[in-house]
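Engineer: According to my numbering, the sequence shown is numbered sequentially starting from 192. Where is the CB? At the ideal position from N, CA and C, for every residue including glycine. All of these numbers come straight from a predicted model, not from anything done at the bench. Quick one: this structure, given as structure tokens, is what I'll be asking you about.
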Amino acid sequence: MVHDSQMDLFDIHTGYSSGIYNLNQRAWAEQLYLAICNYIQQNLDPSNRAHHPVIDKLQERMADKIYVNFSLFQSMPDAWGINQLFPVFPLEGLNQTLKRRAVLLDITCDSDGIIDHYIDGDGIATTMPIADYDINNPPLLGFFMAGAYQKILGNMHNLFGDTEAVNVFVFSNGNIEIQLSDQGDTVADMLQYVQLNAADLLI
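Okay, structure coming up:
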């Protein structure tokens, strides 16, 4: 059923490009396709290993796309260049059931900054689990083990500066200490690199 519905959606997209279907018809077909995928997903058993390939494909196709305020090429260039895996986790909502899956994208101009592989408890996944998204309280995300090497490799892609960074110390008694190690760059900081004064640009 998944394959058939995907082929039907492909036919709709082709027909839309050819002018056979209008935008409303395309939107209706996409909503129907997602409803079919959701129905199939709800009726699969995660404990059945035979269902895992279909579950993985459905999670990837139905994943939310979350745009994050950073440049992948500036902050984690190896994630793009050599498919290096970095742990990425939500920092909030961890007391909730992580019922949704998501793919993280940056907000650079070429739309090529996407994290398409994630570390999870079962190995490597193409999506990451998240709690329900609250538009009034967007979740904080942590990108771990990037370190100085990524900072050195990164450039000022699209004038995105360094993000804030922290060091996390875990002691033998179980105590945790978090220290802010990098305040991060402001927009004004980045403009100064290209000989522009932020005050002159504000009207």
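Below 8 Å CB to CB, which residues in the same chain sit around S372 once its five sequence neighbours on both sides are set aside?
Structural biologist: The residues are A356, V357 and N358.
Engineer: Work out the CA separation of Y207 and M336 for me, nearest whole Å.
Structural biologist: Answer to the nearest angstrom: the Cα atoms are 44 Å apart.
Engineer: Which complete alpha helix (DSSP H) runs does the region 229 to 311 hold, if anything under 4 residues is left out?
Structural biologist: Runs of the alpha helix (DSSP H) inside the region 229 to 311: 243 to 253, 263 to 266 and 268 to 272.
Engineer: Could you say which of D325, L387, L276 and S209 lies nearest to D311 if we only look at CA atoms?
Structural biologist: Comparing Cα-Cα distances from D311 to each of D325, L387, L276 and S209, the minimum goes to L276.
Engineer: Can you give the Cα-Cα distance for L296 and N366, rounded to whole angstroms?
Structural biologist: Cα to Cα, L296 sits roughly 34 Å from N366.
Engineer: Could you compute how far the alpha carbon of Y324 sits from the alpha carbon of R291?
Structural biologist: Rounded to whole angstroms, Y324 to R291 spans 9 Å at the Cα level.
Engineer: Within the continuous beta strand (DSSP E) that includes M319, where are the two ends?
Structural biologist: Counting along the chain, the beta strand (DSSP E) containing M319 begins and ends at M319 to I321.
Engineer: Measure the Cβ-Cβ separation of Q287 and A339 and say whether it is below 7 Å.
Structural biologist: Not in contact: Q287 and A339 (Cβ atoms no closer than 7 Å).
Engineer: Rounded C-beta distance between F334 and M267? I'm assuming under 8 Å.
Structural biologist: Right, the Cβ-Cβ distance comes to about 6 Å (below 8 Å), so this counts as a contact.
Engineer: Looking only at its chain, what residues have a beta carbon closer than 7 Å to the beta carbon of A379, apart from the 5 residues adjacent to it on each side?
Structural biologist: So the list reads A389, once near-sequence residues are dropped.
Engineer: For the region 224 to 236 against the region 255 to 264, do three or more pairs of beta-carbon atoms, one drawn from each stretch, fall closer than 8 Å, so that the two count as touching?
Structural biologist: Not touching, per the Cβ criterion.
Engineer: To which residues does DSSP link V361 through a beta bridge?
Structural biologist: Its beta-bridge partners are I367.
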